[in-house]
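*Asks:* Under the working numbering, the first residue of the first sequence is numbered 1, with each subsequent residue one higher.
Yeah, the Cβ is synthetic: ideal placement off N, Cα and C, and Gly gets one too.
In this text, all values refer to a predicted model and were calculated from it rather than measured experimentally.
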Amino acid sequence: MKLATFNINGIKARIEALPAWLAAAAPDVVCLQEIKSVDDGFPCEVFEAMGYRVETHGQKGFNGVAILSKFALSDIRRGLPGDDSDEQARWIEAVVEGTRPVRVCGLYLPNGNPAPGPKYDYKLQWMARMEVRVRDLLASEEPFVCLGDYNVIPQTEDAARPNVWVTDALFLPATREAYRRLLNLGLTDAIRARQPGPGVYTFWDYQAGAWERNNGIRIDHLLLSPQAADRLEEAGIDKAVRGGDRPSDHVPVWVRLAS
DNA sequence: ATGTCGAATAGGATTCGA
1 MKLATFNING IKARIEALPA WLAAAAPDVV CLQEIKSVDD GFPCEVFEAM
51 GYRVETHGQK GFNGVAILSK FALSDIRRGL PGDDSDEQAR WIEAVVEGTR
101 PVRVCGLYLP NGNPAPGPKY DYKLQWMARM EVRVRDLLAS EEPFVCLGDY
151 NVIPQTEDAA RPNVWVTDAL FLPATREAYR RLLNLGLTDA IRARQPGPGV
201 YTFWDYQAGA WERNNGIRID HLLLSPQAAD RLEEAGIDKA VRGGDRPSDH
251 VPVWVRLAS
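#1: Please identify the residue among Gly236, Trp165, Gly197 and Pro154 whose C-alpha is closest to the C-alpha of isoleucine 219.
#2: So, using beta-carbon positions, are phenylalanine 182 and methionine 130 closer together than 8 Å?
#3: What does a CB cutoff of less than 6 Å around methionine 1 pick up in its chain, not counting 5 residues either side in sequence?
#4: Determine the burial state of asparagine 214: buried for a count of at least 16 other Cβ atoms within 10 Å of its Cβ, exposed for fewer.
#5: My assumption, with CB atoms under 8 Å, is that tyrosine 150 sits in contact with histidine 221. Please give the rounded CB distance.
#6: For the alpha helix (DSSP H) containing arginine 181, name the first residue and the last one.
#7: Just grab the DSSP bridge partners of arginine 77 for me.
#8: Between the alpha carbons of leucine 73 and valine 104, how many angstroms are there, rounded?
#9: Using three-state DSSP, classify alanine 25 as helix, strand or coil.
#10: Glycine 106 and isoleucine 76 - do their beta-carbons sit closer together than 8 Å?
#11: Would glutamate 234 and arginine 194 be called neighbours here (beta carbons separated by less than 8 Å)?
#12: Taking the straight line between their C-alpha atoms, what separation do you get for alanine 49 and glycine 82?
#13: Should glycine 117 go down as buried or exposed, given a rule of 16 or more other Cβ atoms within 10 Å for buried?
#14: Between cysteine 44 and asparagine 111, what straight-line distance do the alpha-carbon atoms span, to the nearest angstrom?
#15: Note down, one range per segment and in chain order, each alpha helix (DSSP H) of at least 4 residues found wholly within the stretch 112 to 158.
#16: Give me the Cα-Cα distance between aspartate 260 and alanine 115, rounded to the nearest whole angstrom.
#17: Report, in whole angstroms, the separation of the C-beta atoms of leucine 124 and alanine 174, which I expect to be a contact under 8 Å.
#18: Have a look at asparagine 63 and leucine 187 and give me their C-alpha separation to the nearest angstrom.
#19: With a floor of 4 residues, list each alpha helix (DSSP H) that falls wholly inside the stretch 8 to 72, ordered by position along the chain.
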C-alpha cells in the first residue's frame with residue numbers, strides 16, 4: 001500500500017498538477033493539506049473519476065485537509081481533539097480498509113509565525129494536543145501513520161541554510177523539542193529512516209529563486225507507529241513535481257507499506 | 001527590505017497567510 005502526503009497550496013490552483021501527479025505516482029491513499037476550500041467547493045468528481053474516494057475537512061480561504069483513497073475508509077474523524085473552540089481545519093483521520101488496514105492521520109500543523117506571539121502559542125498547544133491523540137492511538141497497538149505538513153524542520157541537516165531559520169517558528173528549540181517528544185513516543189520518521197540527510201527537502205519557497213538554488217527545507221513528514229514501521233518497505237520524495245507547471249511550493253512525500 | 005503565490009473582497013488593487 002502506497003501512502004502519500006502533499007500540501008497542494010490550493011485545490012483550484014492545482015486542479016491540473018494534482019491529477020497529473022496522481023496518474024503518474026498512483027498512490028493508494030493521499031492526505032492533502034491547504035486545500036483552501038470549503039467541503040462543497042472541493043471538486044470530488046475529478047478524483048472519483050480516477051478511482052478515489054474523497055473525504056474533506058475544509059474551511060473558507062485557508063487551511064483545509066482531505067483524504068483521497070482507493071480503498072474504503074472507516075472511522076472517519078474530522079478535527080484534532082482537545083479544544084472545542086478550535087475552528088481551524090487541520091486534522092482528518094480514517095482507517096484505510098486495505099488487505100491489512102492502517103489508520104491515517106492527515107495533518108496540517110500550524111505555521112506559528114511570528115514567534116513569539118499568539119500564533120506560536122497556538123502551534124505549541126496544537127502539538128501538545130497531537131501528542132495526546134498519538135498516545136491514545138499507540139495504546140490501541142493498531143498500525144497508523146501521521147502524515148502531513150508539520151511545519152517543523154527537525155534538525156540542522158533538514159535545511160539548506162539553517163542559519164536563516166534560527167528565529168523562525170519552524171525551527172525554534174521549543175518547536176523541535178515538541179516534535180522530538182512525538183518521535184520519542186515510538187514513532188518512526190520514514191524519510192529519515194530510509195533517506196538520511198543532508199540535502200533531502202520537501203519544500204522550496206516561491207521567493208528568491210529558492211527552487212533554482214535548491215534552498216529547501218524538509219517539513220513534510222510521515223511518522224509511523226511501531227506496527228506500521230514493521231511494514232515499511234520504501235519511502236520517497238517526488239522532488240521533480242516542484243519543477244512542473246504551476247507547482248505547489250511543497251512536493252509529495254510517500255511510503256510503501258507491506259500488503 | 002522577501003527576486004512569490006493563492007484566496008478573499010470586490011468588481012481592481014489591496015490584504016492576509018504562508
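*Replies:* In brief:
#1: Pro154
#2: It is worth fixing the name first, because residue 182 is leucine in this sequence and not phenylalanine. Yes, these two residues count as a Cβ contact at 8 Å.
#3: Closer than 6 Å at Cβ, skipping near neighbours: Asp28, Gly98 and Leu257.
#4: With a threshold of 16 other beta carbon atoms within 10 Å, asparagine 214 falls short and is exposed.
#5: 5 Å
#6: 173 to 184
#7: Glu93
#8: 10 Å
#9: helix
#10: No; because the gap between Cβ atoms is not below 8 Å, this pair is not in contact.
#11: yes
#12: 36 Å
#13: exposed
#14: 27 Å
#15: 118 to 140
#16: What is shown of the chain runs 1 to 259, which leaves residue 260 out entirely.
#17: Taking a contact as a CB-CB distance under 8 Å, the pair leucine 124 and alanine 174 counts as one, their CB atoms being some 6 Å apart.
#18: 25 Å
#19: 17 to 25 and 44 to 48
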